[in-house]
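Here the structure comes first, spelled out in structure tokens, and everything after it is commentary.
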Amino acid sequence: MDDETLKANLLTLYEQAPAGYIFTAPDGTILRANATFRDWIGYAHEELRSHRLQDLLTVAGKIFYENQYFPLLRMQGLVEGVTFDLVRRDGARWPVLISSQLQMDDAEQPVMIVSTVFAAAERRAYEHELLLERRRADQLADVVRASTDAILTCSVEGRIQSWNRSAEHLFGYAASAVEEVPLPDLLPFGSAAEYQDAMRSLLSGEPVSAETVVRRADGTEIDVSVSMAPHRDELGVVTSLSAIIRDISERRAVERLQQEFLAMASHELRTPLVLIQGHAQLMQRSGTYNAATVETIIGQTRRLARLIDDLLIASEIESNRFGVRLVELDVVPLVRSMARQFDGVENRVVVRVPDFPIVIHADRHRLEQALANLLTNAVKYSPQGSEIELEIRDEAAKVVIEVRDHGIGIPPDAIPHLFDRFYRAEDVVETVKGAGLGLYITQQIIAAHGGTIDVTSEVGKGSTFRLRFPLTHDATQVEPVAALSR
Amino acid sequence: MRPVETVVGPDDGGAPAASPSIIDGAELFMSVIERNNVTISGSGTTPMIFAHGYGCDQNMWRLVAPAFAATHKIVLFDHVGAGHSDLTAYDREKYSTLEGYADDILQIAEELDLEEAIFVGHSVSAMIGVLAAVKNPDRFSKLILVGPSPRYINDGAYAGGFNRSDIDELLEFQQSNYLGWSAHLAPVIMGNPERPELGAELTNSFCRTDPEIARQFAAVTFLSDNRDDLPKLTVPSLILQCQDDVIAPVHVGEYVHAHTPRSTFVLMEATGHCPQLSAPDETVAAIQAFLEV
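See below:
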């Protein structure tokens, strides 16, 4: 190829190359651009010469050109592969990558910028996809991070590879140590055989769900539900596993309590029935009316009714259907009547109430139930013959109803749990019958009244339960005014 | 002269002059000098502080600053997040406003015991210099504002030159460009939190900037509104305005001049936004003329 041919070929290459070539003055003014570029941008040669390269960019591109591209070019003499959008004559955008070279004269003064422009629509779309993918991945990573379930991945050999913070909490290992613990140590699946079974399922591609225990760093075990899934590589071989582990110890504890409760409640319901039946049969056989027997039957019927009431309330509370119908109620006669009900051979109930009405907003039936529970407890946990005191006081704009016994008292460690559902203090669980519902229900009733309940107790000396209600119609204040006007 | 005030205190929201960091139990105090990669040169005594704008670092002044070395003490620095500044000193809270950057300049001035310094600020750093000089005028004798704009976004009758959507696009653009710039997409795609320097290194040797920081700096730069600060400036200032500057158009420079007391306006022959690079001689001459007044 002679020089002339080479020149002609180079010129063709310059004009038709799959890249845009632009020569500009140092200020960006376009001196010459090849046919490819003119074709992309849609401007004729003469039109282009009245533009600067930066004028062909989007607004963001212009800012970038001025702030970064040009300074870089001036200082490095060369800038490579920068993403821009050209704005074509028809207003459409043309994604490109621009590389530029700054040519200097002998005096080190810039004379010309030579730029090469590559169409980059596909690359841009690909980068955009990658970015979107990255954002999606970030979102999912956030879900894993924030999950209250422990989530981990491990190799098929059981070597843990990644885990979230909840896993650290659940296992009780420091973040750095989790990796060191093999899966079977954390999740033994009951026995080695059962673990092998689970792994076999997973390796064959089957997910595994189980309720089992996690062995924590401190050796304790926690009830959990586990969902494990196998993950395959491109060839379909299971190469890693994931596990989502939920702490179900609380649910398990409740289940245990419920079972215990059912046994207890059946027993509690049966006892008065047996007594009623026995006494009724006794009277039937003797054929004569016996006042004491009837008294016992009525007493046991009441006991049964209260127990059933408690069960009903507990079920209402559990299903969020529990409510009270509050009306203005003078609690003095109510308390007197409750005292009379519980005043008997076993214990004397001493009542101390003011001789004027104390009015609160209350649901009579529920309030009676609450007081009956407290009085039942007082009787249950007091020696026969000891006094039970029932008192109404007013205290800092509150109405206080106190039930005080001189019974066995409550151990300090039991007090915080006293109002928990199904809770029975350990010291009495064997000796005194009960379903563990009374105080739970009582507290719920008082809370529904806008009141509070607290207890002070000393083992061997007795307990005091204190109910506080907001004073609605302040009788203690109305009274003196009325007295003055008298 | 009034006594020098302490510019950093618990009330002004600035970071302590030296932020302690603990490495292996040894307490190290990073100086302001290291934090901002401050370099000092020149044989004069009158200090001259050069502040680069958004997008680059102190290299921006390499064609202009040497012209003053014989007569001045030249102080160059990188804003935190740019150039060779300490990236670990970057605090998203502090640098969410231009005041954070202005406080850094006052800390540099305090650390070097600079009084009556000549401050040369380009682009956003022109406004950062105004904020610093409003806060502590004694540190400065003259300000040179190269391509200043107090507000880039149009606002009613005020034409800053950009719409909010332009700036949002710039922020997106910034991100895609870090993709484009790095031969290896990994640093940005993968986030690479443990190796932030990777992305910055690949980006460029001169205008090194961490992508996330660059993004916030761009947002702070282009979304700030400092129009109300101009009338508070008491230090004499020179506004160097280029022709055909898409970032700070002539009418914005005129706005700055109209609202800044004791300001001088010079419309240069130079075009674009970086006369210190495109027309260094004209820039030097304009500054010298102003300093001789």
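From first to last, the protein sequence lines stand for chains A and B.
Be aware that the first sequence starts at 733, since it is given in this note's numbering, and climbs by one per residue.
Be aware that the second sequence starts at 556, since it is given in this note's numbering, and climbs by one per residue.
The beta-carbon is built from N, C-alpha and C at its ideal position, and this holds for glycine as well.
Exercise. Would you say Gly-809 (chain A) faces chain B, with C-beta separation under 8 angstroms as the test?
Worked result: Translated into the one-based positions of the first sequence, residue 809 (chain A) becomes position 77. Not a single CB atom of chain B sits nearer than 8 angstroms to the CB of Gly-809 (chain A).
Problem set entry | chain A within 8 angstroms of Asn-614 (chain B), Cβ atoms only | As a position in the second sequence, residue 614 (chain B) is number 59, starting the count at 1. Chain A places a beta carbon closer than 8 angstroms to that of Asn-614 (chain B), counting this residue as a contact.
Problem set entry | chain B contact for Glu-798 (chain A) (CB, 8 angstroms cutoff) | For the purposes of this step, residue 798 (chain A) is taken as the residue at position 66 of the first sequence. Chain B has a Cβ within less than 8 angstroms of the Cβ of Glu-798 (chain A).
Exercise. Hey, does Lys-1130 (chain A) have any beta-carbon neighbour from chain B nearer than 8 angstroms?
Worked result: The count along the first sequence starts at 1 and reaches residue 1130 (chain A) at position 398. Lys-1130 (chain A) does not count as touching chain B.
For this session: Can you give me the Cβ contacts of Ile-1049 (chain A) inside the same chain, cut-off strictly under 6 angstroms, excluding the 5 residues immediately before and after it?
Result: The sequence position of residue 1049 (chain A) within the first sequence is 317, counting from 1. The beta carbon of Ile-1049 (chain A) is closer than 6 angstroms to those of Gln-1176 in its chain, skipping five residues each way along the sequence.
For this session: Identify the contact partners of Ala-792 (chain A) in chain B, using a Cβ-Cβ distance below 9 angstroms as the criterion.
Result: As a first step, residue 792 (chain A) is located in the first sequence; it is residue number 60 there, counting from the start. Residues of chain B whose Cβ lies closer than 9 angstroms to the Cβ of Ala-792 (chain A) are, in chain order, Asp-721, Ile-722, Asp-723, Glu-724, Leu-725, Leu-726, Glu-727, Phe-728 and Gln-729.
For this session: Report the neighbours of Tyr-609 (chain B) on chain A: residues whose CB is nearer than 7 angstroms to its CB, in chain order.
Result: Locating residue 609 (chain B) in the second sequence gives position 54, where the first residue counts as 1. Residues of chain A whose Cβ lies closer than 7 angstroms to the Cβ of Tyr-609 (chain B) are, in chain order, Asn-799.
Exercise. Is it true that the CB of Thr-1108 (chain A) sits closer than 8 angstroms to the CB of Gly-1170 (chain A)?
Worked result: In the first sequence, the residue the question calls residue 1170 (chain A) occupies position 438. In the first sequence, the residue the question calls residue 1108 (chain A) occupies position 376. Yes, these two residues count as a Cβ contact at 8 angstroms.
For this session: Give a yes or no on whether the C-beta atoms belonging to Arg-1200 (chain A) and Val-1135 (chain A) are separated by under 8 angstroms.
Result: Translated into the one-based positions of the first sequence, residue 1200 (chain A) becomes position 468. Translated into the one-based positions of the first sequence, residue 1135 (chain A) becomes position 403. No; because the gap between Cβ atoms is not below 8 angstroms, this pair is not in contact.
Problem set entry | Neighbour list for Ile-802 (chain B) in chain D, Cβ cutoff strictly below 9 angstroms | This model lacks chain D altogether; the protein chains it does include are A and B.
Exercise. My guess is that Glu-666 (chain B) and Ser-596 (chain B) are in contact by the Cβ rule of under 8 angstroms, so how many angstroms apart are they, rounded?
Worked result: By one-based count along the second sequence, residue 666 (chain B) stands at place 111. By one-based count along the second sequence, residue 596 (chain B) stands at place 41. No, Glu-666 (chain B) and Ser-596 (chain B) are not in contact; Cβ-Cβ is about 17 angstroms, not under 8 angstroms.
Exercise. Would Phe-632 (chain B) count as contacting chain A if we go by Cβ distances under 8 angstroms?
Worked result: The sequence position of residue 632 (chain B) within the second sequence is 77, counting from 1. With 8 angstroms as the cut-off, Phe-632 (chain B) does not count as an interface residue toward chain A.
Problem set entry | Cβ-Cβ distance between Ala-1012 (chain A) and Ile-1040 (chain A) below 8 angstroms | Translated into positions along the first sequence, residue 1012 (chain A) becomes position 280. Translated into positions along the first sequence, residue 1040 (chain A) becomes position 308. Contact flag unset, no.
Problem set entry | Nearest-angstrom Cα separation, counted from Ile-663 (chain B) out to Arg-602 (chain B) | What you label residue 602 (chain B) is simply residue 47 of the second sequence in a count that begins at 1. What you label residue 663 (chain B) is simply residue 108 of the second sequence in a count that begins at 1. Here residue 602 (chain B) turns out to be Pro, not Arg, going by the sequence shown. Cα to Cα, the separation comes out at about 12 angstroms.
For this session: Kindly list, in the order they appear in chain A, the residues whose Cβ is closer than 7 angstroms to that of Ile-827 (chain B).
Result: Position 272 of the second sequence, counted from the start, is the residue given in the question as residue 827 (chain B). Per the sequence shown, residue 827 (chain B) should be read as Gly rather than Ile. Residues of chain A passing the Cβ test: Asp-759, Glu-798 and Phe-802.
For this session: Compile a chain-ordered list of the residues in the segment 684-709 of chain B whose CB is closer than 8 angstroms to at least one CB of chain A.
Result: When CB distances to chain A are screened at a threshold of 8 angstroms, not a single residue of the segment 684-709 of chain B falls below it.
For this session: Check whether the Cβ of Leu-795 (chain B) lies closer than 8 angstroms to any Cβ atom in chain A.
Result: The residue you call residue 795 (chain B) lines up with position 240 of the second sequence. No, because no Cβ of chain A sits closer than 8 angstroms to the Cβ of Leu-795 (chain B).
For this session: Select from A:Val-791, A:Trp-895 and A:Tyr-753 the residue whose C-alpha is nearest the C-alpha of Arg-764 (chain A).
Result: Along the first sequence, one-based indexing puts residue 764 (chain A) at 32. Measuring C-alpha to C-alpha distances from Arg-764 (chain A) to each of A:Val-791, A:Trp-895 and A:Tyr-753 identifies A:Tyr-753 as the nearest.
Problem set entry | Short-range partners of chain A found in the segment 812-840 of chain B, where Cβ spacing is below 8 angstroms | So the close ones are Thr-826, Gly-827, His-828, Cys-829, Leu-832 and Ser-833.
Exercise. DSSP state of Glu-943 (chain A), grouped into three classes?
Worked result: As a first step, residue 943 (chain A) must be located in the first sequence, where it is residue number 211. The answer is strand: DSSP assigns Glu-943 (chain A) an E or B state.
Exercise. Residues bridged to Pro-1219 (chain A) by DSSP?
Worked result: Only positions 733 to 1218 of chain A appear in this structure, which leaves residue 1219 (chain A) out of reach.
Exercise. Would Ala-1094 (chain A) pass as a contact of Leu-1122 (chain A) if the rule is Cβ separation under 8 angstroms?
Worked result: Along the first sequence, one-based indexing puts residue 1094 (chain A) at 362. Along the first sequence, one-based indexing puts residue 1122 (chain A) at 390. Not in contact: Ala-1094 (chain A) and Leu-1122 (chain A) (Cβ atoms no closer than 8 angstroms).
Exercise. Could one say the Cβ of Phe-674 (chain B) lies closer than 8 angstroms to chain A's Cβ atoms, at least one of them?
Worked result: For this step, residue 674 (chain B) is matched to residue 119 along the second sequence. Chain A, which has no Cβ nearer than 8 angstroms to the Cβ of Phe-674 (chain B), makes this no.
For this session: Measure the beta-carbon distance from Leu-863 (chain A) to Ala-882 (chain A) and round it to whole angstroms, keeping in mind my assumption that it falls under 8 angstroms.
Result: Within the first sequence, numbered from 1, the residue matching residue 863 (chain A) stands at position 131. Within the first sequence, numbered from 1, the residue matching residue 882 (chain A) stands at position 150. Taking C-beta atoms under 8 angstroms as the contact rule, Leu-863 (chain A) and Ala-882 (chain A) fail to qualify, at a distance of about 31 angstroms.
For this session: State yes or no: is the beta carbon of Arg-868 (chain A) nearer than 8 angstroms to at least one beta carbon in chain B?
Result: For the purposes of this step, residue 868 (chain A) is identified with residue 136 of the first sequence, where counting begins at 1. Contact of Arg-868 (chain A) with chain B is not assigned, every C-beta pair being separated by 8 angstroms or more.
Exercise. Are the C-beta atoms of Trp-895 (chain A) and some chain B residue less than 8 angstroms apart?
Worked result: Locating residue 895 (chain A) in the first sequence gives position 163, counting from the first residue. Taking Cβ atoms only, chain B never reaches closer than 8 angstroms to Trp-895 (chain A), which makes this a no.
Exercise. Quick one, are the C-beta atoms of Ser-680 (chain B) and Gly-608 (chain B) less than 8 angstroms apart?
Worked result: If you number the second sequence from 1, residue 680 (chain B) lands on position 125. If you number the second sequence from 1, residue 608 (chain B) lands on position 53. Yes; because the gap between Cβ atoms is below 8 angstroms, this pair is in contact.
Exercise. What number of angstroms, rounded off, separates the C-alpha of Val-689 (chain B) from the C-alpha of Phe-769 (chain A)?
Worked result: Stepping through the second sequence from its first residue, residue 689 (chain B) is reached at position 134. Stepping through the first sequence from its first residue, residue 769 (chain A) is reached at position 37. Going by the C-alpha atoms only, they are around 50 angstroms apart.
Exercise. Given that Phe-717 (chain B) touches chain A, what residues does it touch there, using C-beta distances under 7 angstroms?
Worked result: Working through the second sequence from its first residue, we reach residue 717 (chain B) at position 162. Residues of chain A passing the Cβ test: Val-791.
Problem set entry | Selected residue, minimal CA-CA separation from Phe-802 (chain A), among B:His-814, B:Ala-834 and B:Ala-840 | Position 70 of the first sequence, counted from the start, is the residue given in the question as residue 802 (chain A). Checking every option, the nearest Cα to that of Phe-802 (chain A) belongs to B:Ala-834.
Exercise. What residues are listed by DSSP as bridge partners for Arg-1080 (chain A)?
Worked result: Your numbering for residue 1080 (chain A) matches position 348 in the first sequence. DSSP lists A:Glu-1119 as partners of Arg-1080 (chain A).
Exercise. CB-CB under 6 angstroms to Asn-830 (chain B), same chain, minus the five flanking residues each way: which ones, in chain order?
Worked result: Sequence index remark: in the second sequence, residue 830 (chain B) carries index 275 (1-based). The residue asked about is misnamed: residue 830 (chain B) is Pro in this sequence, not Asn. Cys-797, Met-823 and Thr-838.
For this session: Could you tell me which uninterrupted alpha helix (DSSP H) segments, each at least 4 residues in length, are contained entirely in the segment 863-887 of chain A, listed from first to last along the chain?
Result: The qualifying runs do not exist here; there are none.
Exercise. Is the Cβ-Cβ distance between Pro-962 (chain A) and Val-970 (chain A) less than 8 angstroms?
Worked result: In the first sequence, residue 962 (chain A) corresponds to position 230, counting from 1. In the first sequence, residue 970 (chain A) corresponds to position 238, counting from 1. Against a cut-off of 8 angstroms, the Cβ pair of Val-970 (chain A) and Pro-962 (chain A) comes out as a contact.
Exercise. CB Asp-658 (chain B) to CB Gly-638 (chain B), shorter than 8 angstroms?
Worked result: The residue given as residue 658 (chain B) occupies position 103 in the second sequence. The residue given as residue 638 (chain B) occupies position 83 in the second sequence. Going by C-beta atoms, Asp-658 (chain B) is not nearer than 8 angstroms to Gly-638 (chain B).
Exercise. Taking Cβ positions only, does Arg-647 (chain B) come closer than 8 angstroms to chain A?
Worked result: For the purposes of this step, residue 647 (chain B) is taken as residue 92 along the second sequence, with counting starting at 1. By this cut-off, Arg-647 (chain B) is not an interface position.
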